[in-house]
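Following: one structure in structure tokens, then a few remarks.
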């Protein structure tokens, strides 16, 4: 399950991930990324998967590739959580290839947001 963070703004998007990920989750995140990217085709993304355990990407393999016709470039990707990322990154790899990636513990969620937002206005001018 995915939920868009209320801290998202412009081309900076936050996604809270929990439970099994479905093909609908994949399509929704892809659509929201495309919309957030706008004409520049770039976004910054924070993926928050809490310490309760990272979700299994159960439907990633069956997800349709009927997403945006133009690729979305991810300038910065912040991965936030205390678990292992190997199950979730396989799912994320189908969505994009980020330029910069940093991982943050659950306790550093605010720092992760600060890093994703740092210089965001200048980079999207």
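Residue numbers (the numbering used here): 67 to 191.
Cβ atoms here follow ideal geometry from the backbone N, Cα and C, with glycine treated the same way.
Keep in mind that this is a model prediction, so the values were computed, not measured.
Next item on the list: Take the Cβ of residue 164 as the centre, count every other Cβ of all protein chains shown within 10 Å, and call the residue buried at 16 or more, exposed below.
Entry: Residue 164 is buried by the Cβ-count criterion.
Next item on the list: Taking all protein chains shown into account, decide if residue 96 is buried (16 or more other Cβ within 10 angstroms of its Cβ) or exposed.
Entry: buried
Next item on the list: Pull up the distance between the alpha-carbon of residue 149 and that of residue 116, whole angstroms please.
Entry: 8 Å
Note to self: Let's see if you can read the secondary structure: which residues bound the alpha helix (DSSP H) around residue 96?
What the structure shows: 89-103
Note to self: Using only the alpha-carbon positions, how far apart do residue 172 and residue 103 sit?
What the structure shows: 26 Å
Notebook entry, point to check: Can the beta-carbon of residue 162 be found less than 9 Å from the beta-carbon of residue 111?
Noted result: Yes, these two residues count as a Cβ contact at 9 Å.
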